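Note that the sequence shown covers residues 1 to 402 in UniProt numbering.
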Amino acid sequence: MRPAAAGACVAAAAGYAASVAAVRVRRQLRGGTLVALAAGGNGSHVFPALAIAQDLQRSGVQVVLLGEGPPSLESEVAQQSGLPLLATPSVQLRPPLRSAANLASVLRFPLCVACSAWALLRCAPDVLVGTGGRVEVPACLAAAALGIPLLLYEPNAKPGAANRALHWLACRTLLAYGSAAGELRFKERCQVVGPAVRSEVLAYAPPCDGGTAAQQQQQQEQCRRRQRCRARKSLGLPAGRGARVLLVLGGWRGCGYLNCALNNALPQLAGVPGLFVLWHTGAKQHRAYAEGYAASLPNVRCVPHLPDMGAALASADLVLSRAGAATVAELAACRTRALLMPSPATCEQQQEANARVLEERALRAVAQPPQVWRRLYGRWMWTSTASHPGCCRCCWRRREGG
Numbered sequence: 001m002r003p004a005a006a007g008a009c010v011a012a013a014a015g016y017a018a019s020v021a022a023v024r025v026r027r028q029l030r031g032g033t034l035v036a037l038a039a040g041g042n043g044s045h046v047f048p049a050l051a052i053a054q055d056l057q058r059s060g061v062q063v064v065l066l067g068e069g070p071p072s073l074e075s076e077v078a079q080q081s082g083l084p085l086l087a088t089p090s091v092q093l094r095p096p097l098r099s100a101a102n103l104a105s106v107l108r109f110p111l112c113v114a115c116s117a118w119a120l121l122r123c124a125p126d127v128l129v130g131t132g133g134r135v136e137v138p139a140c141l142a143a144a145a146l147g148i149p150l151l152l153y154e155p156n157a158k159p160g161a162a163n164r165a166l167h168w169l170a171c172r173t174l175l176a177y178g179s180a181a182g183e184l185r186f187k188e189r190c191q192v193v194g195p196a197v198r199s200e201v202l203a204y205a206p207p208c209d210g211g212t213a214a215q216q217q218q219q220q221e222q223c224r225r226r227q228r229c230r231a232r233k234s235l236g237l238p239a240g241r242g243a244r245v246l247l248v249l250g251g252w253r254g255c256g257y258l259n260c261a262l263n264n265a266l267p268q269l270a271g272v273p274g275l276f277v278l279w280h281t282g283a284k285q286h287r288a289y290a291e292g293y294a295a296s297l298p299n300v301r302c303v304p305h306l307p308d309m310g311a312a313l314a315s316a317d318l319v320l321s322r323a324g325a326a327t328v329a330e331l332a333a334c335r336t337r338a339l340l341m342p343s344p345a346t347c348e349q350q351q352e353a354n355a356r357v358l359e360e361r362a363l364r365a366v367a368q369p370p371q372v373w374r375r376l377y378g379r380w381m382w383t384s385t386a387s388h389p390g391c392c393r394c395c396w397r398r399r400e401g402g
């Protein structure tokens with residue numbers, strides 16, 4: 001080996017050893033525990049990270065968030081919740097992985113790892129928790145290189161590619177649903193902890209007190225009626241006895257196929273007596289739909305964002321949404337009926353697996369082949385289908401005496 005190359009190797013090794021030592025010293029000198037969360041990309045990864053952060057902060061633990069800078073979702077969530085954000089770049093690899101389109105991302109990936117390592121050196125966390133997404137991979141690799149303990153949290157019923165790839169590096173992999181363990185290699189490192197739900201949504205969740213199943217169901221239904229009335233008043237929605245609210249969740253950026261399906265169904269929905277539609281279009285698609293046919297309907301309100309998701313879910317009689325991890329967890333927590341349309345753009349059928357979770361948890365969802373939009377609304381049943389491949393037709397019925 002040439003002297004210059006040998007010197008460079010020695011300098012790199014010395015720098016690496018100094019970085020690892022610096023992390024250890026800063027952790028020992030800091031008072032209290034600091035947890036870093038790596039999350040980004042979409043709400044399925046960011047909102048579970050926010051729920052974990054809120055729970056840790058209630059326990060007196062310091063939390064810092066690693067994610068992309070503005071105008072990303074994680075930067076907006078960090079600003080609203082007061083979480084410190086360390087901006088780190090990331091890359092997204094699209095299938096097939098060996099395609100030439102991923103070449104630029106592959107070349108940029110070492111820079112992302114280096115930036116994540118620098119961010120971790122600055123905060124020196126006691127542990128790094130990754131919740132999935134493209135931000136997680138470089139952050140977790142940097143944490144492993146610096147000797148920072150790594151925990152993974154999988155919010156989906158089927159683990160994503162990032163968590164499957166990083167599973168062997170993690171001390172423990174926390175799961176929202178036990179079905180996710182089937183596709184992970186080291187089962188002994190997996191632990192089911194349940195879905196992570198934000199505190200503003202849990203504030204509207206019906207209690208699970210003691211008693212028989214029938215008594216619990218009756219208590220939850222009574223609580224839901226009270227919460228629904230309070231939520232509708234806070235959002236300025238119709239709160240009369242015959243009023244019905246359809247909540248449409250188009251996602252943070254805006255879900256094209258879901259927004260298009262609802263827009264096509266507005267002429268039929270406009271004629272349903274007592275029906276009010278609260279349509280969360282997403283920021284990027286809000287103007288296109290808010291200034292369209294929906295603007296002429298008095299019973300349709302289009303909003304780009306929902307600042308209080310808990311109140312929105314509690315106010316709804318039915319929710320039309322995709323089947324992202326955060327959405328499914330929050331629907332289950334609020335016991336809100338839903339018509340789920342799993343995204344066709346999501347690889348590995350994660351949203352289809354998430355939708356099955358609601359079907360298996362006594363929410364009375366029955367999957368049927370997709371049909372043309374139609375609606376049947378009555379006192380005891382609301383059935384709806386969507387003209388999109390992969391959607392679920394969900395039939396909701398009240399139990400006898402419920």
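The beta carbon of each residue, even a glycine, is placed where N, CA and C say it ideally should be. Computed from a predicted structure; not experimentally measured.
When beta bridges are read from the DSSP output, A36 appears opposite V64 and L128. Residue burial annotation: C9 is exposed, with fewer than 16 other C-beta atoms found within 10 angstroms of its C-beta. S234 sits in a helix when the DSSP states are folded into three classes.
The beta carbon of H280 sits closer than 7 Å to the beta carbons of V248, L249, G250, V303 and L306 from its chain, once the five residues preceding and following it are set aside; these are given in chain order. Counting only residues of its own chain and dropping the five nearest sequence neighbours on each side, N299 has a CB closer than 7 Å to the CB of A270, L275, F276 and V277.
If only uninterrupted alpha helix (DSSP H) runs of at least 4 residues are considered, those enclosed by the region 129-188 are 136-145 and 161-166. The beta carbon of A329 sits closer than 8 Å to the beta carbons of P48, P155, A176, P195, A196 and V197 from its chain, once the five residues preceding and following it are set aside; these are given in chain order. As computed with DSSP, S321 is found in a beta bridge with L249 and L340. Looking at the backbone, the Cα of A214 and that of L202 are separated by about 22 Å. When R301, C255, R287 and G242 are compared, the shortest CA-CA separation from D317 is found for G242. A direct Cα-to-Cα measurement between L85 and G240 gives close to 43 Å. If you draw a straight line from the Cα of C140 to the Cα of P273, it comes to about 53 Å. Looking only at G132, A119 and Y153, the smallest Cα-Cα distance to A143 is reached by A119. Rounded to whole angstroms, the separation of the alpha carbons of P70 and F109 is 20 Å. Going by C-alpha positions, R134 is about 8 Å away from A39. DSSP places L50 inside the alpha helix (DSSP H), whose first and last residues are G43 to R58.
Here A283 is not near R322, since their CB atoms are 9 Å or more apart.
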